[in-house]
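Chains A and B, in that order, give the protein sequences.
Numbered by the numbering used here, the letters in the first sequence go through residues 1 to 117 in order.
Numbered by the numbering used here, the letters in the second sequence go through residues 1001 to 1112 in order.
Notes follow once the structure below has been shown.
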Amino acid sequence: DTGVSQDPRHKITKRGQNVTFRCDPISEHNRLYWYRQTLGQGPEFLTYFQNEAQLEKSRLLSDRFSAERPKGSFSTLEIQRTEQGDSAMYLCASSFVAGTSGGNEQFFGPGTRLTVL
Amino acid sequence: GNSVTQMEGPVTLSEEAFLTINCTYTATGYPSLFWYVQYPGEGLQLLLKATKADDKGSNKGFEATYRKETTSFHLEKGSVQVSDSAVYFCALGTNTGNQFYFGTGTSLTVIP
């Protein structure tokens, strides 16, 4: 397994357009996370899935954002009616968590850099 | 709530100098603590972690000790190399594993 992959690596779009990003986690991982990172800041949590269930969403995830993980494997993050403020790096991470325990590191993908013109 | 406060950068050091990057946290419950590193043009990579108080994480000459009494997880390295130039992020993971809270990152440049 080569780790977490994300596609595309870069996306340039015009304001008002819809964009969709894909994340393929490490195959045996049951949790998948989406984060957003802006320049000079650390990643900020957006949402996470345990298998196919979306269990938590941040207040950062406005109604224009939607994420899915239909078969508990890959995930997509869609942004509708993009705004210039959506320009950021979108990071995906995965981990394996047994039950409700924590302490497991998250493995990050390379990110998708979105530029909204 | 949960949060991480990290030493602001950028930090510039000469090769073989001693490195400390400060990280303090606020948490509910019993978090795990992590340091991630981001090399230029690459994604975040786990550098080290500690899952309970007094644990010491170490990797590649870097160390950090989970200090509950001072709510700190400072990163140290005795002798930095040019190849250590990167951005370092301190992160807190909740005991339910649902999300990480990251600091703002500290950019390190090591000059020969």
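Glycine included, C-beta positions come from ideal geometry on N, C-alpha and C.
These numbers were taken from a predicted model, which means no experiment stands behind them.
| Check | Outcome |
| --- | --- |
| From which residue to which residue does the beta strand (DSSP E) around Ala53 (chain A) run? | Ala53 to Lys57 |
| How about Pro110 (chain A): is its C-beta nearer than 8 Å to some C-beta of chain B? | yes |
| Who are the neighbours of Pro43 (chain A) on chain B, taking C-beta pairs under 7 Å? | Phe1102 |
| Name, in chain order, the residues that DSSP records as bridge partners for Gly1093 (chain B). | B:Ser1032 and B:Phe1100 |
| Examine chain B for any beta-carbon lying closer than 8 Å to the beta-carbon of Tyr90 (chain A), and answer yes or no. | no |
| Using a Cβ-Cβ cutoff of less than 8 Å, which residues in the same chain neighbour Thr1071 (chain B) once the five nearest sequence positions on both sides are dropped? | Thr1024, Tyr1025, Thr1026 and Ala1027 |
| Taking Phe65 (chain A) and Ile79 (chain A) to be in contact with their CB atoms under 8 Å, please state how far apart those CB atoms are, rounded to whole angstroms. | 6 Å |
| Quick one: what does DSSP say Val1082 (chain B) is sitting in, helix, strand or coil? | helix |
| Express the C-alpha separation of Thr76 (chain A) and Thr1106 (chain B) in angstroms, rounding to a whole number. | 30 Å |
| Can you check whether the C-beta of Asn1098 (chain B) is within less than 8 Å of a C-beta belonging to chain A? | yes |
| Give the single residue among B:Thr1104, B:Leu1108, B:Val1110 and B:Leu1092 whose Cα lies nearest to the Cα of Gly1145 (chain B). | Residue coverage of chain B in this structure runs from 1001 to 1112, which leaves residue 1145 (chain B) outside it and unanswerable. |
| Leaving out the 5 sequence neighbours to the left and right, which residues in its chain are closer than 6 Å to Ala1050 (chain B) when beta-carbon positions are compared? | Leu1033, Gly1057 and Tyr1066 |
| Taking the alpha-carbon positions, what's the Glu52 (chain A) to Cys1090 (chain B) distance? | 29 Å |
| In whole angstroms, what is the alpha-carbon distance linking Gln1081 (chain B) and Arg81 (chain A)? | 45 Å |
| Give the straight-line distance between the Cα atoms of Val1008 (chain B) and Leu117 (chain A), rounded to the nearest whole angstrom. | In the sequence as presented, Val is not what sits at residue 1008 (chain B); that position holds Glu. Roughly 30 Å separates the two Cα atoms. |
| Under 8 Å between C-beta atoms, does Phe1073 (chain B) make it to chain A? | no |
| Relative to the C-alpha of Glu28 (chain A), which candidate in A:Arg15, A:Phe107, A:Arg9 and A:Gly111 has its C-alpha closest? | A:Phe107 |
| Per DSSP, which one or two residues make a beta bridge with Met89 (chain A)? | A:Gln37 and A:Arg113 |
| Rounding to the nearest angstrom, what Cα-Cα distance links Ser87 (chain A) and Phe1062 (chain B) in this structure? | 33 Å |
| What residue range does the beta strand (DSSP E) around Gln148 (chain A) cover? | Outside the shown range of chain A (1 to 117) lies residue 148 (chain A), about which nothing can therefore be said. |
| Does Leu118 (chain A) get closer than 8 Å to chain B when you measure Cβ to Cβ? | A query on residue 118 (chain A) cannot be resolved here, the shown segment of chain A reaching from 1 to 117 and no further. |
| Within the same chain, show all residues whose beta-carbon is closer than 6 Å to that of Met89 (chain A), passing over the 5 residues directly before and after it, in chain order. | Gln37, Gly111 and Arg113 |
| Would you mind working out which of A:Gly72, A:Val19 and A:Thr2 sits nearest Thr115 (chain A), comparing C-alpha positions? | A:Val19 |
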